[in-house]
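Residue numbering for the sequence shown follows the numbering used here, starting at 36 and increasing by one per position. Read the structure below first, then the notes.
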Amino acid sequence: MSDQFDVVVIGGGPAGYPCAIRAAQLGFKTACIDSWLNKDQTPAFGGTCLNAGCIPSKALLESSELYHRIGHESDAHGIGVSKVEVDIAKMQARKDSISRQLTGGIKTLFSANKVTGLQGYGKMLGDGKVEFRGHDGSTQELSAKYIVVATGSEPVNLKIAPFDGERIIDSWGALDLTEVPKTLGIIGAGVIGVELGSVWSRLGAKTVILEALPDFLPMVDAQISKEMLRHFGKQGLDIRLGAKVLGAKAGAKGVKVEYETGGETKSETFEKLIVAVGRKPFTAGVGADTVGLELDERGFVKVDEHYRTNIPGVYAIGDVIGGAMLAHKGIEEGVALAEQLAGEHTQVNYKAIPSVIYTAPEVAWVGLSEAQAKAQGYEVKTGAGSFMPNGRAKAMEQAAGTIKVIADAKTDRILGVHMCGPYVSELLAEAVLALEFAATCEDIALTMHGHPTLSENFHEAVLAVDGRAVHAVNKVKKK
Ligand code: NAD
């Protein structure tokens, strides 16, 4: 006899657990199976995001930034600090405790919403059946009208630099270091590369990031990515573009990394090497072969616009279906799917996905860059606002950064907002709302912004689009 559910979600990360909660709220009898085990073998809901990604990395970014600011900015505030010391064990314990509080919170939400949370492995057997194998080895058969695959992604393991968990580590390993390495190499100057590079470099590791592409952060508007490269350089992060790693060999003294740059082969030895070259879909053990689930050539589960796979009654959401590998994209898909199963018409707006890099300054963007807008045939007008004349940013001693607005010259509609600066992760919400509501520059121009706030700089950048910024120090493009 199998336990009968309306919805069984396999995967309890940011796509799966909100899907299960929303499905239960809408009256479905719902179970969520999740296999995550932390390094101490304790199971935890929340997937990579809460256990080994977004949340722990933000905790370490915050701690290392505080350390850096105390050491570098106290004097400017007239505060004398004689000794600033780092206790890595305590910093890590704080990080782990934040993850534990949040993953424990999911269990509370499950019980409040009557979701059956099952910790172990879920495998599709066909005909709406799922085998659940608990971490203790016990098994149970579930059946469901709707099965949702939300099994996420895992780091790409490079054949030329395979993870050994000691010298050559992935992003999870890099979040769990117990000492600051003297020298740190990172392959890949993507989001993970610059975030984790910032953490360990602020804490004292001499850090080199090797990036195969000639361009830095190519998804970000070129004006902003160029500015960020300068900021990182000033902070001592050694980012080498056009440096393709050919191989890495771990030995007793470190990892020797060989890379090609400008037609030359060079090598350098690091105490630790983080490989951060992207993530790939994770479907192992979910029974894809057993039920004939169709995957694309890169291993992503194929879905239509309603997250339906090729198997009737089986759906997929989150990293495992590809697109932006971002927790909030997964959350939105999870909620939209649950509501669609209940007959509602919720859709995800893939044109207004916020992206953030939590470095200092932070980087944040939504919509098109200037180059992307031009490539799509728009007649483009742009404006930029520097944080330099912004009173709040100056008072915070964090006036580095720029907000750039990209708009359609014909309709005045905002097509994209790309920025770097203090708390732009939070300022981005206004830009996302602008895109969601199809706002024009005039709409934002007529919206009063509090003074003194960082948000005034978004207003300034929008005004700059039509050459009417009041505090602009950057060049204003006139019509
Ligand atoms: P990424 O795709 O962002 O960057 C990987 C980089 O590695 C690329 O620039 C690529 O050119 C480079 N690379 C690949 N092979 C190389 C080689 N042999 N030598 C040198 N460089 C090489 O991937 P990531 O940084 O690993 O992040 C993985 C995913 O996780 C991304 O989708 C990212 O958006 C997501 N993520 C998001 C956040 C956030 O939202 N703040 C934080 C962490 C991760």
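Even for Gly, the Cβ is constructed at its ideal location relative to N, Cα and C.
Per DSSP, cross-strand counterpart(s) of residue i
i: cysteine 455; result: Val398, Thr437
i: tyrosine 181; result: Val42
i: arginine 448; result: Thr475
i: lysine 315; result: Glu189
i: cysteine 67; result: Val44, Gly152
i: serine 460; result: Answer is none; serine 460 lacks a bridge partner.
i: valine 310; result: Ile222
i: threonine 174; result: Arg168
i: proline 78; result: Leu72
Cα-Cα separation between residue i and residue j, rounded to whole angstroms
i: valine 292; j: proline 197; result: 12 Å
i: glycine 152; j: valine 165; result: 14 Å
i: leucine 463; j: isoleucine 141; result: 26 Å
i: arginine 314; j: isoleucine 222; result: 13 Å
i: glycine 412; j: valine 226; result: 28 Å
i: glycine 88; j: tryptophan 207; result: 7 Å
i: leucine 137; j: glycine 51; result: 15 Å
i: aspartate 339; j: glycine 161; result: 20 Å
i: alanine 496; j: valine 440; result: 6 Å
i: arginine 129; j: glycine 239; result: 19 Å
i: aspartate 331; j: valine 321; result: 16 Å
i: lysine 261; j: histidine 453; result: 12 Å
i: valine 398; j: proline 424; result: 19 Å
i: glutamine 382; j: threonine 218; result: 46 Å
i: leucine 489; j: histidine 112; result: 19 Å
i: aspartate 354; j: phenylalanine 63; result: 24 Å
i: glycine 369; j: methionine 483; result: 35 Å
i: serine 146; j: cysteine 84; result: 21 Å
i: proline 91; j: arginine 503; result: 42 Å
i: leucine 272; j: alanine 373; result: 43 Å
i: proline 190; j: proline 487; result: 42 Å
i: leucine 481; j: isoleucine 45; result: 47 Å
i: asparagine 509; j: glycine 436; result: The pLDDT assigned to asparagine 509 is 49, lower than 50, so where the model puts this residue is not dependable; a value taken from the coordinates is nonetheless given after this. Going by the C-alpha atoms only, they are around 12 Å apart.
i: tryptophan 235; j: leucine 210; result: 10 Å
i: lysine 149; j: lysine 158; result: 22 Å
i: lysine 180; j: valine 349; result: 9 Å
i: tyrosine 342; j: valine 391; result: 25 Å
i: cysteine 54; j: alanine 371; result: 8 Å
i: valine 312; j: valine 229; result: 12 Å
Residue burial classification, residue i (beta-carbon count within 10 angstroms, cutoff 16)
i: leucine 245; result: buried
i: glycine 420; result: buried
i: leucine 281; result: exposed
i: isoleucine 114; result: exposed
i: phenylalanine 40; result: buried
i: tyrosine 294; result: buried
i: lysine 194; result: exposed
i: aspartate 110; result: exposed
i: valine 505; result: exposed
i: tyrosine 385; result: exposed
i: glycine 268; result: exposed
i: lysine 288; result: exposed
i: valine 290; result: buried
i: lysine 514; result: For lysine 514, the predicted structure reports a pLDDT of 47, less than 50, and the residue's modelled location is therefore unreliable. A value from the coordinates is still provided. Exposed.
i: asparagine 86; result: buried
i: valine 116; result: exposed
i: proline 253; result: exposed
i: glutamine 76; result: exposed
Residue interval of the beta strand (DSSP E) (run including residue i)
i: glutamine 518; result: Residue 518 cannot be examined here, being either before or after the span of the chain that is shown, 36 to 514.
i: glycine 169; result: 164 to 169
i: phenylalanine 305; result: 299 to 305
i: valine 280; result: 278 to 285
i: valine 336; result: First-last for valine 336: undefined, no H or E at that position.
i: glycine 208; result: Counting along the chain, glycine 208 falls outside any beta strand (DSSP E), though it belongs to the alpha helix (DSSP H) covering 206 to 210.
i: alanine 351; result: 349 to 351
i: leucine 219; result: 218 to 222
i: valine 391; result: 390 to 392
Closer than 7 Å to chain D by CB, residue i
i: glycine 426; result: In the structure shown, chain D does not exist; there is a single protein chain.
N- and C-terminal bounds of the alpha helix (DSSP H) containing residue i
i: lysine 364; result: 362 to 376
i: tyrosine 52; result: 51 to 60
i: leucine 95; result: 89 to 108
i: lysine 416; result: From DSSP, lysine 416 is part of no alpha helix (DSSP H) but of the beta strand (DSSP E) over 415 to 421.
i: glutamine 382; result: First-last for glutamine 382: undefined, no H or E at that position.
i: asparagine 345; result: No alpha helix (DSSP H) contains asparagine 345, which DSSP labels as neither H nor E.
i: lysine 17; result: Outside the shown range of the chain, which is 36 to 514, sits residue 17, and nothing can be said about it.
i: histidine 494; result: 491 to 500
i: valine 326; result: 323 to 326
i: glutamate 427; result: Rather than glutamate, the amino acid found at residue 427 in this sequence is arginine. Where arginine 427 is concerned, the enclosing alpha helix (DSSP H) stretches over 426 to 430.
- Of all the beta strand (DSSP E) runs that stay within the bounds of the segment 224 to 293, which reach a length of 3 or more residues? DSSP runs (the beta strand (DSSP E)) wholly in the segment 224 to 293: 241 to 245, 273 to 275, 278 to 285.
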